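Q: If you're matching them up, the sequences are chains A and B in order. All the letters of the first sequence, read from the start, carry residue numbers 221 to 586 under the numbering used here. All the letters of the second sequence, read from the start, carry residue numbers 210 to 364 under the numbering used here. I have a structure I would like to understand better, so I am pasting it below and will then ask my questions one at a time.
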Amino acid sequence: MYVAVKGGEAAIDNAHRLLAEARRGDPAVPELTVAQIREQMALLVDRVMAEGSLYDPDLAALALKQARGDVVEAVFLVRAYRTTLPRFGASAPVDTGAMAVARRVSATFKDLPGGQVLGPTFDYTHRLIDFALAAEGETEPAAEAEPRDDAGTCPRVTDLLAQDGLIEPSPPDDGAPVGDLTREPVDYPADRALRLQALARGDEGFVLGLGYSTQRGYGRTHPFVGEIRVGEVAVDFVPEELGFPVPLGRIRLTECQMVNQFKGSGTAPPQFTRGYGLTFGQSERKAMAMALVDRALRAEELGEPVASPAQDQEFVLAHCDSLQATGFVEHLKLPHYVDFQAELELVRRLRAEFFRDSDSVQEAAE
Amino acid sequence: MATSPHHLRPEEVAARQAVMALCADASRDDLDAALQALEAPAAEDLRPPETGLVMATGRIGGDGRPFNLGEVSVTRAAIRLPDGATGFAYHLGRDRTKARLAATLDALWQDPARRARVEDALQPAAEKAKAARYRAARRTAATRVDFLTLARGED
């Protein structure tokens, strides 16, 4: 017989009050403000924006405060918030070629127009804990220098390679409608645009692990970082009532152009192939991993055997979303009393049958 | 919805976009100060300020087919001045007050007779934005790598 039960309301309310107190921590320690999180935990905020798939630094910082710094919980809050808002439309595609670069490096060419610009990077730091940061104090002001004449023009490394036909061109804009996985469920096979949307909002750890697996031989692509650039781009949107592009403001993005080993055929000369990564905020690890996985997922298109997880689009796309993954994993802790009761009944009956049968076998043997 | 009582030529559209970009980058306080300086009449809402989403799109490889990167929060406002002029604003973020201030400035700017005064009032915000960009460019420039050719040790 199934008996519906109810209960735990008071316990849940009290658990939420206890959560609020735990979130605040020791009241003798000053409370964090949203602006402090936005400014001083900026890369964490960027990660929540990327995986929450919503660019809004203040909102991501607030979500992190509410979530006690739990990234996936903050992503959950941001995703839930976005479902309450109307969508005005889609922007014009951002022009990363016109990015105001805060950082731009290439691992393939030393000298290139616009130069190698390090920007604020952890690269080349010694990774020694800086105990001076435990004490409050003023930071030494950043150095300044007069920008050189070519500082404003950073052509893409892939454009330089393309001039000589050494790299495949990007797939042309044919004006076809762009699939949106937030509007329709993904149908397999998914095109590259949909795959990039899924990877851009995918869990950084999962995408990183997959990208790493391609380097270790599970779908090898022989990658070079053609270029990484971080900086601000303008976002334009054409409202129906105005009919011309309105500048909405600027967002910070990280772009990675991965240059991979060649492909050619009897009719086409060998050319480098490409993997692409683009992500909200400053996250080179995510953009690089995304570009590796983007290239791996093109295996079939490029006539390579599909044998590894990173090349299997259903495996990658169906499992890269941190919110979907956590939802299904974490639902296991919710009450399954009735399901489990049925399993208990079954295992008891099977055990009873097992012992009855073994008794009769023993009797027969005697 | 009528866009404006004043028909804009293409070069005027570009100038209007430049003012819109300036307002999008400026702070709410900067826009408030500009409107105070203009002694602007009270505007009524054509549409109450509203926060929503715009799907930001990128291009595969930076220059190819578009794809959906993720959404941005956007707040829009549409107002009408007592003389019938209408103004619009769409900004990143969720600041309804700021969007309404920018829409009012947009309406005032569209009147050729008031345009110069609006641009003057926004001058402090424009200079602030320009200084911030210049400062960022100088700090970035200091991290540009100068490669040195090392002596090869042949002599």
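C-beta: ideal position from N, C-alpha, C; glycine also. Bear in mind the structure is a predicted one, so any value in this text is a computation, not a measurement.
#1: Around the Cβ of B:GLN319, are there at least 16 other Cβ atoms within 10 angstroms (buried) or fewer (exposed)?
#2: Check the Cβ of A:LYS285 against every Cβ in chain B and list those closer than 8 Å, keeping chain order.
#3: Identify, in the order they occur along the chain, each residue of the same chain with its Cβ nearer than 6 Å to the Cβ of A:ASP526, setting aside the five sequence neighbours on each side.
#4: Would you list, in chain order, the members of the segment 441–472 of chain A that have their beta-carbon closer than 8 Å to a beta-carbon of chain B?
#5: Just to check my reading of the structure: B:LEU310 and B:ARG225 have Cβ atoms closer than 8 Å, yes? What is that Cβ distance to the nearest angstrom?
#6: Within its chain, find whatever has a CB closer than 7 Å to the CB of A:HIS236; leave out the 5 residues flanking it on each side and keep chain order.
#7: Using the Cβ count rule (16 or more neighbours within 10 Å means buried), how would you classify B:GLY279?
#8: Are at least three pairs of beta-carbons, each pair with one atom in the segment 261–270 of chain A and one in the segment 287–298 of chain A, less than 8 Å apart?
#9: For the segment 261–291 of chain A, list the beta strand (DSSP E) runs that are entirely contained and at least 3 residues long, ordered along the chain.
#10: Compute every distance between the C-beta of B:GLY302 and the non-hydrogen atoms of the ligand ADP, then say whether any falls below 7 Å.
#11: DSSP has B:SER282 in a bridge; who is on the other side?
#12: Quick test of your reading: A:ILE448 and A:ALA382, contact by CB under 8 Å. State the CB separation rounded to the nearest angstrom.
#13: Answer with buried or exposed for A:VAL536, where buried requires no fewer than 16 other C-beta atoms within 10 angstroms of its C-beta.
#14: Return the residue from the list A:GLY495, A:ARG376, A:PRO389 and A:PHE444 that minimises the CA-CA distance to A:ARG415.
#15: Quick one: which residues of the segment 252–274 of chain B get their C-beta closer than 8 Å to a C-beta of chain A? List them in chain order.
#16: Can you tell me which of A:LEU386, A:HIS442, A:GLU524 and A:GLY429 puts its alpha carbon nearest to the alpha carbon of A:ALA488?
#17: DSSP beta-bridge partners for A:VAL455?
#18: Where are the beta strand (DSSP E) runs, 3 residues long or more, that stay fully inside the segment 472–519 of chain A, in chain order?
#19: So with CB distances below 7 Å, who are the chain B contacts of A:SER273?
#20: Could you check how far apart the C-beta atoms of A:THR316 and A:GLU475 are, in whole angstroms? I think they sit under 8 Å.
#21: With a cut-off of 8 Å on the beta carbons, I'd call A:PHE444 and A:ILE471 a contact; round off their distance for me.
#22: What span of residues does the beta strand (DSSP E) with B:GLY270 cover, start to end?
#23: Got a sec: is the Cβ-Cβ distance from B:ALA286 to anything in chain A below 8 Å?
A: Once the coordinates are examined:
#1: Residue numbering aside, residue 319 of chain B sits at position 110 when the second sequence is read from its first letter. Flag for B:GLN319 reads buried.
#2: By 1-based counting over the first sequence, the position of residue 285 of chain A is 65. Neighbours of A:LYS285 on chain B: none; closest Cβ ~16 Å, over 8 Å.
#3: Locating residue 526 of chain A in the first sequence gives position 306, counting from the first residue. Residue identity check: residue 526 of chain A is Val in the sequence provided, not Asp. If we look at A:VAL526 and ignore the five residues flanking it on each side, its Cβ neighbours are ALA519 and GLU520.
#4: ALA454, VAL455, PHE457, PRO459, GLU461, LEU462, GLY463, PHE464, PRO465, VAL466, PRO467, LEU468, GLY469, ARG470 and ILE471
#5: Numbered from 1 along the second sequence, position 101 holds the residue referred to as residue 310 of chain B. Numbered from 1 along the second sequence, position 16 holds the residue referred to as residue 225 of chain B. The pair is not a contact, with the Cβ atoms about 16 Å apart (cut-off 8 Å).
#6: Position 16 of the first sequence, counted from the start, is the residue given in the question as residue 236 of chain A. So no residue of the chain qualifies.
#7: As a first step, residue 279 of chain B is located in the second sequence; it is residue number 70 there, counting from the start. Under this definition B:GLY279 is a buried residue.
#8: yes
#9: none
#10: The model on display carries no ligand, and the ligand ADP is accordingly not part of it.
#11: By 1-based counting over the second sequence, the position of residue 282 of chain B is 73. Answer is B:LEU262, bridged to B:SER282.
#12: Along the first sequence, one-based indexing puts residue 448 of chain A at 228. Along the first sequence, one-based indexing puts residue 382 of chain A at 162. In fact, because the Cβ distance is near 18 Å, the residues do not count as touching under 8 Å.
#13: Position 316 of the first sequence, counted from the first residue, corresponds to residue 536 of chain A. Under this definition A:VAL536 is a buried residue.
#14: Here the question's residue 415 of chain A lines up with position 195 in the first sequence. The option with the nearest alpha carbon to A:ARG415 is A:GLY495.
#15: GLU259, THR260, GLY261, LEU262, VAL263, MET264, ALA265, THR266, GLY267, ARG268, ILE269, GLY270, GLY271, ASP272, GLY273 and ARG274
#16: For this step, residue 488 of chain A is matched to residue 268 along the first sequence. Closest option to A:ALA488, Cα to Cα, is A:LEU386.
#17: Here residue 455 of chain A is taken as the residue at index 235 of the first sequence, counted from 1. Answer is A:GLY469, bridged to A:VAL455.
#18: 491–500
#19: Sequence index remark: in the first sequence, residue 273 of chain A carries index 53 (1-based). Under the 7 Å cutoff, chain B gives GLY279 and GLU280.
#20: Within the first sequence, the letter at position 96 stands for residue 316 of chain A. Within the first sequence, the letter at position 255 stands for residue 475 of chain A. That belief holds up - the Cβ atoms of A:THR316 and A:GLU475 are roughly 5 Å apart, short of 8 Å.
#21: As a position in the first sequence, residue 444 of chain A is number 224, starting the count at 1. As a position in the first sequence, residue 471 of chain A is number 251, starting the count at 1. About 27 Å separates the two Cβ atoms, so there is no contact after all.
#22: As a working mapping, residue 270 of chain B is identified with position 61 in the second sequence. No beta strand (DSSP E) contains B:GLY270, which DSSP labels as neither H nor E.
#23: As a working note, residue 286 of chain B is residue 77 in the second sequence. Taking Cβ atoms only, chain A never reaches closer than 8 Å to B:ALA286, which makes this a no.
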